[in-house]
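Colleague: Residue numbers (the numbering used here), protein chains in the order written: chain A, 1 to 167; chain B, 168 to 334. We put the beta carbon where it would ideally sit given N, CA and C, even for glycine. Note that the structure is a prediction, hence the values are computed from the model and not measured. Pasting a structure below so you can have a look.
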DNA sequence: CAGTAGACCTGTATCATACATGTATCTCCA
DNA sequence: TGGAGATACATGTATGATACAGGTCTACTG
């Protein structure tokens, strides 16, 4: 499991361990009851709406780094489930604002609780320093990944309005 | 980006950051040319065959924590691409052994190089201590996830032969 | 006001995966 | 030793998450 060459090859270790981490998290999400009422993508959308406030499909798709058509469908499903609501934007009538409903927030919190329990249990033997470091480093990695993605996308289509309606 | 409450809530931070990490890595894999000749699942299969040696579909599916039918198809594709070969097992004629071909190893190394470059670049501003810690902690997390998955699976179907032909 | 850009939706395609089922083979015990 | 059950694999079918292309309606701008 702990191949000695990685002691001296941190990049190689990160490379292989992140590969298997994604694999395992995918499998786990599929097999567990974590995402009973929303899928993983939906959960992230709900969290985004909760943290950043209501916004339109376009802004949500930019934030999630997903195609707008994908988000349209995800939001459609969640609307049927009663987890989000859509309000016509009277200023720009092409657009509508996606709002988290109380039920949506409830479901989101419940998934969050399950996920927190999972990760608390997975890291229960870690020192709190390790826990903090891992969170911090993962966050840093995310920021770099986002920057890189933005750079890639900007070579293709430039300009992204990112209009957002907070309420 | 760096919400202050996470300073005192490492689990919460891990929870949200891993969610977005998976999201971003998926997006990145889709958009980049990292997986030109094999997909991510295929790359992991090639790495597994390289590290653990040739094995049959069943053992591979256990190792990857995937359904055997999924692996059958993945291997089928890679065989057509010439990345793996299958040898009839003369002892057990139901089974055949999946072997990495030279071309497969070459492709695997090329993907590995690209991924290494990516992660080296993403973590280039990290201290080497941070790099090492991140790799170590991710590896630990993987082990815990595997153990948990094994526990879940064993409640459903018990017994897994894990026969493997090393050569 | 004409033309272009933007927001959204829908159709279609792809990929990765799982489950159910079928077939050939193996194993083991009565 | 011969059949029952287990195993290995393949195939059919389904689902979920995503992207891209194209259409419609609306907004903006010269």
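(1) Would you list the one or two residues that DSSP bridges to residue 97 of chain A?
(2) Quick one: any contact between the stretch 263 to 282 of chain B and the stretch 300 to 316 of chain B, if contact means 3 or more CB pairs under 8 Å?
(3) Using 7 Å as the limit for Cβ to Cβ distance, is residue 117 of chain A near chain B?
(4) If we count the other Cβ atoms within 10 Å of its Cβ and call it buried at 16 or more, is residue 269 of chain B buried or exposed?
(5) In chain order, what residues of the same chain have a beta carbon less than 6 Å from the beta carbon of residue 10 of chain A, not counting five sequence neighbours either side?
(6) Among residues of its own chain, excluding the 5 on either side of residue 224 of chain B, which ones have a beta-carbon nearer than 8 Å to its beta-carbon?
(7) Of all the CB atoms in chain A, is at least one closer than 7 Å to the CB of residue 298 of chain B?
(8) Looking at chain B, is there any beta carbon in it that lies within less than 7 Å of the beta carbon of residue 36 of chain A?
(9) From residue 294 of chain B to residue 208 of chain B, what distance separates their C-alpha atoms?
(10) Which of the three DSSP states is assigned to residue 217 of chain B in this structure?
(11) What did DSSP end up calling residue 35 of chain A once you bin it into helix, strand or coil?
(12) Taking the beta carbon of residue 226 of chain B as the centre, do at least 16 other beta carbons fall within 10 Å, making it buried, or is it exposed?
(13) Can you have a look at residue 36 of chain A and say buried or exposed, based on whether 16 or more other CB atoms are within 10 angstroms of its CB?
(14) Skipping 5 residues on each side, what residues in its chain have a beta carbon closer than 6 Å to that of residue 63 of chain A?
(15) Work out the CA separation of residue 260 of chain B and residue 290 of chain B for me, nearest whole Å.
(16) Mind checking residue 180 of chain B: buried by the 16 CB within 10 Å criterion, or exposed?
(17) Let me check understanding here. Comparing Cα to Cα, which of B:182, B:175, B:191 lies closest to residue 143 of chain A?
(18) Comparing the C-beta of residue 302 of chain B with each C-beta of chain A, is any distance below 7 Å?
(19) Residue 82 of chain A and residue 46 of chain A: beta carbons closer than 7 Å?
(20) Under the three-state reduction of DSSP, which class applies to residue 232 of chain B: helix, strand or coil?
(21) Of the residues A:84, A:66, A:90, A:27, which one's Cα is nearest the Cα of residue 100 of chain A?
(22) Would residue 177 of chain B count as contacting chain A if we go by Cβ distances under 7 Å?
(23) Can you name the start and end residues of the alpha helix (DSSP H) that residue 279 of chain B belongs to?
(24) Please state if the CB of residue 15 of chain A and the CB of residue 305 of chain B are separated by a distance shorter than 7 Å.
(25) When the Cα of residue 125 of chain A is compared with those of B:308, B:189, B:286, which residue comes out closest?
(26) Alpha carbon to alpha carbon, how far is residue 247 of chain B from residue 254 of chain B?
(27) Work out the CA separation of residue 90 of chain A and residue 193 of chain B for me, nearest whole Å.
(28) Check whether the Cβ of residue 197 of chain B lies closer than 7 Å to any Cβ atom in chain A.
(29) Using three-state DSSP, classify residue 311 of chain B as helix, strand or coil.
Modeller: In this structure, then:
(1) In DSSP, residue 97 of chain A forms a bridge with A:56, A:87.
(2) Counting Cβ pairs under 8 Å, fewer than three are found: no touch.
(3) Not one chain B Cβ lies under 7 Å of residue 117 of chain A.
(4) With fewer than 16 other Cβ atoms from the protein chains shown falling within 10 Å of its own Cβ, residue 269 of chain B counts as exposed.
(5) Excluding sequence neighbours, residue 10 of chain A sits near nothing in its chain.
(6) Within its own chain, the residues whose Cβ lies closer than 8 Å to the Cβ of residue 224 of chain B, once the five positions on either side in sequence are excluded, are 235, 238, 239, 242, 262, 263, 265, listed in chain order.
(7) So yes, residue 298 of chain B belongs to the interface.
(8) When Cβ-Cβ separations below 7 Å define contact, residue 36 of chain A makes no contact with chain B.
(9) If I take the Cα positions, the gap works out to 30 Å.
(10) Residue 217 of chain B: helix per DSSP, three-state reduction.
(11) Reduced to three states, the DSSP call for residue 35 of chain A is coil.
(12) Residue 226 of chain B should be labelled buried.
(13) Classification of residue 36 of chain A: exposed, given that the 10 Å Cβ count is below 16.
(14) So the qualifying residues of the chain are 48.
(15) If you draw a straight line from the Cα of residue 290 of chain B to the Cα of residue 260 of chain B, it comes to about 48 Å.
(16) It counts as buried.
(17) Out of B:182, B:175, B:191, the CA that lies nearest to the CA of residue 143 of chain A is found in B:191.
(18) Any Cβ of chain A closer than 7 Å to the Cβ of residue 302 of chain B would place that residue at the interface, and such an atom is present.
(19) No; because the gap between Cβ atoms is not below 7 Å, this pair is not in contact.
(20) If DSSP states are grouped into helix, strand and coil, residue 232 of chain B belongs with coil.
(21) Comparing alpha carbon positions, the residue from A:84, A:66, A:90, A:27 closest to residue 100 of chain A is A:84.
(22) So yes, residue 177 of chain B belongs to the interface.
(23) In the DSSP annotation of this structure, the continuous segment of the alpha helix (DSSP H) that includes residue 279 of chain B starts and ends at 269 to 289.
(24) A distance of 7 Å or more separates the beta carbons of residue 305 of chain B and residue 15 of chain A.
(25) The residue with the shortest Cα to Cα distance from residue 125 of chain A is B:308.
(26) Answer to the nearest angstrom: the Cα atoms are 14 Å apart.
(27) Separation of residue 193 of chain B and residue 90 of chain A (C-alpha to C-alpha, rounded to the nearest whole angstrom) is 36 Å.
(28) Chain A contact via Cβ: absent.
(29) Note: residue 311 of chain B maps to helix in three-state DSSP.
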